[in-house]
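Colleague: Quick one: structure below, then a few questions.
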Amino acid sequence: MSERRLSEPTYLLDVNVLVARFSQIHIHNQIVTAWFSTPGLQFAICAFSESGFLRIMTGASPGKVTLPEATAILNQLTQHPGYRYLPITTEWQQLCSPFFKRLYGPNQVTDGYLLGLAVREDLILVTMDKGILHLAGVDYRRHVLLLEPSKR
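Sequential numbering of the sequence shown, starting at -8, is according to this note's numbering.
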């Protein structure tokens, strides 16, 4: 893990945050775009967030882009001064072991990995998925930032 000042947390991006940021028709695009403009933002992605982004953005849905277009978006992301890439160096079971009791379905395979990676690297997983708060439980909630629409 690289050294950084405690006042500057690094955020691990969930797939839904990446998709919302780069899909202008996504319901949360404005929220995520505003968050992304945070001065001095430090963030990371990994193979799970990359592959999930590519799968969703190139799938059969409104706003679909080609694989070369989606890959170019990821390449642009690497040019951001706060960007960091986390390679996969730990097996899924080891990263997810603190959450096994709260894993309740196949849709949490990626969630568990990303949360486990955030915990291991002392990052904050930024997401729009409220279920990750349950997965984190009270012990790991400090490793989750839930982006939500403001309540007016």
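All residues carry an ideal CB built from backbone N, CA and C; glycine is no exception.
Reducing DSSP to helix, strand and coil, say where Ile79 ends up.
Modeller: coil
Colleague: If you follow the alpha helix (DSSP H) that Gln67 is in, where does it begin and where does it stop?
Modeller: 58 to 68
Colleague: Between which residues of its own chain and Leu3 is the CB-CB distance below 8 Å, once the five residues before and five after are set aside?
Modeller: Phe34, Ala35, Ile36, Cys37, Ser40, Leu77, Leu105, Leu108, Ala109, Glu112, Leu114, Ile115, Leu116, Val117
Colleague: Which residue's Cα is closest to the Cα of Gly31: Leu68, Asp5, Tyr74?
Modeller: Tyr74
Colleague: Looking only at C-alpha atoms, which of Arg12, Leu65, Ser28 sits nearest to Met119?
Modeller: Arg12
Colleague: Would you identify the three-state DSSP class for Tyr95, choosing helix, strand or coil?
Modeller: coil
Colleague: Please report the straight-line C-alpha distance between Val135 and Ala127, rounded to a whole angstrom.
Modeller: 8 Å
Colleague: Can you find the residues in the same chain that come closer than 8 Å, C-beta to C-beta, to Thr62, ignoring five residues on each side of it along the sequence?
Modeller: Leu45
Colleague: Leaving out five residues before and five after Tyr131 in sequence, what residues of the same chain have Cβ atoms less than 6 Å from its Cβ?
Modeller: Val110.
Colleague: State the DSSP-derived secondary structure class of Gln144, mapped to helix, strand or coil.
Modeller: Residue 144 lies beyond the range of the chain shown here (-8 to 143); nothing can be said about it.
Colleague: Locate the alpha helix (DSSP H) running through Ile47, then write down its first and last residues.
Modeller: 38 to 48
Colleague: Leaving out five residues before and five after Pro0 in sequence, what residues of the same chain have Cβ atoms less than 8 Å from its Cβ?
Modeller: Gln33, Leu114, Ile115
Colleague: Can you grab the Cα-Cα spacing for the pair Val56 / Gly50, in whole Å?
Modeller: 8 Å
Colleague: In terms of alpha-carbon separation, which member of Thr81, Ser14, Leu65, Ile123 lies closest to Asn98?
Modeller: Ile123
Colleague: First and last residue of the alpha helix (DSSP H) that includes Ile22?
Modeller: 20 to 27
Colleague: Report the rounded CA-to-CA distance for Ala25 versus Glu139, giving the unit in angstroms.
Modeller: 12 Å
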